[in-house]
Amino acid sequence: MMQKAKKEHNMKNRILGLTVIAAVFNAQATLVSFDEAGYTAGALDEQGAAGGSTWNANGNTVDPTDGGSVILATGTDQWKYGIFRENLRADSGNNDFTVSQTISWTENAPTGNNDAFSLIINDTLNGSSAIRAYLNRLGTDNYKLGIKSDLDVDLGSATFSDTLFGLDDIGDTTSDSITFSLNLVAGASSNDWSYTVSLYNETTDSVIGSISDTGITTSEDLFTATSLYGGFSSSRAESVHGLTDRVITSFEVIAVPEPATMGMVSAVGIGLLFVRRRFMM
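Listed below in structure tokens is the structure:
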């Protein structure tokens, strides 16, 4: 009961935080909770709050019970995407984009490697040729946070101990609730983007870490696209990384007309920390 109450409390704070950001920065901000009206047990594809086509997906399933979640592809299935249909460039002036998800998982094998979670920003409603932030399991004791451009170029990465995720290899193989976010800011050209990818532990209310860089290059198509979408991917199969029970409990997208003075700096996660601390009850 305490875990569920904390989840509901965190959700209220996230909604409040997004409301503040939307008001202050004239932002486009949407929080998806998977237990809201219209989401039913079964495939994510074409589900929405009003039974419409909120998502374009080729896998992953909704579990509307216990606060609601999306269960990522299981077994041998991999690279199953879910793209939120809201156009982040509905306002042509939008240049600062954030996509975020709150996740948890279980280590079902003592070791594993490769991608386990991915966040996507793309100019099409699929997971191909996208900007992709990823969280890898790295051996026995570590996780790797990284990002690739839509040209499939590695842009940066960092490694973090599994203890920061609430894992200790023996006594506790289930992670804490983790917010994983990708912020992307367009510059003056296709080789002048900036990014921040961050991890935040919701359970312990603490920053895990982040990576960031400026002057990165994307395709010209992505830079000039009149439509951009945020989403996620199930990444590699369970047998590769040894993680099971991978779930997403909430999903957010934010778009800002101009890069904010303070920067969105991964607005849901590290950058939203000031909102959480100011408005926590």
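Letter by letter, the sequence shown follows residues 203 to 483 of the working numbering. Where is the CB? At the ideal position from N, CA and C, for every residue including glycine. Bear in mind that the values here come from a model prediction, so they are computed numbers and not experimental data.
**Asked** With DSSP run on the structure shown, which of helix, strand or coil describes THR342?
**Response** Counting from one through the sequence shown, the residue named residue 342 turns up at place 140. Of the three classes helix, strand and coil, the one that applies to THR342 here is coil, per DSSP.
**Request:** Assign PHE236 to one of three DSSP states: helix, strand, or coil.
**Result:** Position 34 of the sequence shown, counting from 1, holds the residue named residue 236. In this structure, DSSP gives PHE236 a state outside helix and strand, which the three-state scheme calls coil.
**Request:** May I ask you to list the residues that DSSP assigns as paired with LEU337?
**Result:** Within the sequence shown, the letter at position 135 stands for residue 337. The beta-bridge partner set that DSSP reports for LEU337 consists of PHE319, LEU347.
**Message:** Within the continuous beta strand (DSSP E) that includes VAL355, where are the two ends?
**Reply:** Within the sequence shown, the letter at position 153 stands for residue 355. Taken as a continuous stretch (DSSP letters only), VAL355 belongs to no beta strand (DSSP E), as it is neither H nor E.
**First and last residue of the uninterrupted alpha helix (DSSP H) at ASP423** = Numbered from 1 along the sequence shown, position 221 holds the residue referred to as residue 423. Residues 422-426.
**Item:** Integer-rounded CB distance, given that LEU430 should sit under 8 angstroms from PHE299
**Value:** Indexing the sequence shown from 1 puts residue 299 at position 97. Indexing the sequence shown from 1 puts residue 430 at position 228. At roughly 6 angstroms, the Cβ-Cβ gap stays under 8 angstroms, so PHE299 and LEU430 are in contact.
**Message:** Could you pull the DSSP bridge partners for TYR241 from this structure?
**Reply:** Your numbering for residue 241 matches position 39 in the sequence shown. TYR241 is not bridged by DSSP to any residue.
**Asked** Using DSSP with H/G/I as helix, E/B as strand and the rest coil, what is THR276?
**Response** Position 74 of the sequence shown holds residue 276. Here THR276 carries a coil assignment [DSSP, helix/strand/coil].
**Request:** Can you grab the Cα-Cα spacing for the pair LEU353 / ASN260, in whole Å?
**Result:** Position 151 of the sequence shown, counted from the start, is the residue given in the question as residue 353. Position 58 of the sequence shown, counted from the start, is the residue given in the question as residue 260. Their backbone Cα atoms lie some 22 angstroms apart in a straight line.
**Prompt:** Helix or strand or just coil, what does DSSP make of GLU288?
**Reply:** For the purposes of this step, residue 288 is taken as the residue at position 86 of the sequence shown. Looking at GLU288 - three-state DSSP - the assignment turns out to be coil, as it is neither helix nor strand.
**SER441 vs THR278 beta-carbon contact at 8 angstroms** = Here residue 441 corresponds to residue number 239 of the sequence shown, with the count starting at 1. Here residue 278 corresponds to residue number 76 of the sequence shown, with the count starting at 1. Yes, the pair counts as a contact, with Cβ atoms nearer than the cut-off.
**Request:** Could you tell me if GLY270 is buried or exposed, where buried requires 16 or more neighbouring beta carbons within 10 angstroms of its beta carbon?
**Result:** As a position in the sequence shown, residue 270 is number 68, starting the count at 1. GLY270 should be labelled buried.
**Asked** Cα-Cα, which of GLY250, ASP374, LEU366 is closest to ASP237?
**Response** By 1-based counting over the sequence shown, the position of residue 237 is 35. Taking the Cα of ASP237 as reference, the smallest distance to any Cα among GLY250, ASP374, LEU366 is reached at GLY250.
**Contact under 8 angstroms by Cβ, ASN315 with GLY368** = What you label residue 315 is simply residue 113 of the sequence shown in a count that begins at 1. What you label residue 368 is simply residue 166 of the sequence shown in a count that begins at 1. Cβ distance not < 8 angstroms, so ASN315 and GLY368 don't count as in contact.
**Message:** Assuming SER441 is part of the alpha helix (DSSP H), what are its boundary residues?
**Reply:** Taking the sequence shown and counting its residues from 1, one reaches residue 441 at position 239. Taken as a continuous stretch (DSSP letters only), the alpha helix (DSSP H) holding SER441 covers 440-443.
**Prompt:** Where does THR375 fall in DSSP's three states?
**Reply:** On the sequence shown, residue 375 is found 173 positions in, with the first residue counted as 1. Coil at THR375, not helix or strand.
**Request:** Quick one: give me the first and last residue of the beta strand (DSSP E) that TRP281 is part of.
**Result:** The count along the sequence shown starts at 1 and reaches residue 281 at position 79. According to the DSSP assignment, TRP281 belongs to no beta strand (DSSP E), since it is labelled neither H nor E.
**Request:** Please determine if the stretch 287-295 and the stretch 402-416 are in contact, where contact requires at least 3 C-beta pairs separated by less than 8 angstroms.
**Result:** The answer is no - the stretch 402-416 does not touch the stretch 287-295, with fewer than three Cβ pairs under 8 angstroms.
**Prompt:** Cα separation between GLU309 and GLY348?
**Reply:** Working through the sequence shown from its first residue, we reach residue 309 at position 107. Working through the sequence shown from its first residue, we reach residue 348 at position 146. Near 20 angstroms, if we compare the C-alpha coordinates of GLY348 and GLU309.
**Asked** In or out: ILE450 buried (at least 16 other Cβ within 10 Å) or exposed?
**Response** Locating residue 450 in the sequence shown gives position 248, counting from the first residue. The residue is buried, with at least 16 neighbouring Cβ atoms inside 10 Å.
**Message:** Less than 8 angstroms between the C-beta atoms of SER320 and ASN344, yes or no?
**Reply:** Counting from one through the sequence shown, the residue named residue 320 turns up at place 118. Counting from one through the sequence shown, the residue named residue 344 turns up at place 142. Taking C-beta atoms as the reference points, SER320 and ASN344 fail to come closer than 8 angstroms.
**Item:** Option in LYS282, VAL455, GLU248, ALA318 with minimal Cα separation from LEU340
**Value:** If you number the sequence shown from 1, residue 340 lands on position 138. Minimum Cα distance to LEU340 is reached at ALA318.
**Residues that DSSP places opposite ILE418 in a beta bridge** = Here residue 418 corresponds to residue number 216 of the sequence shown, with the count starting at 1. Paired residues: TRP395.
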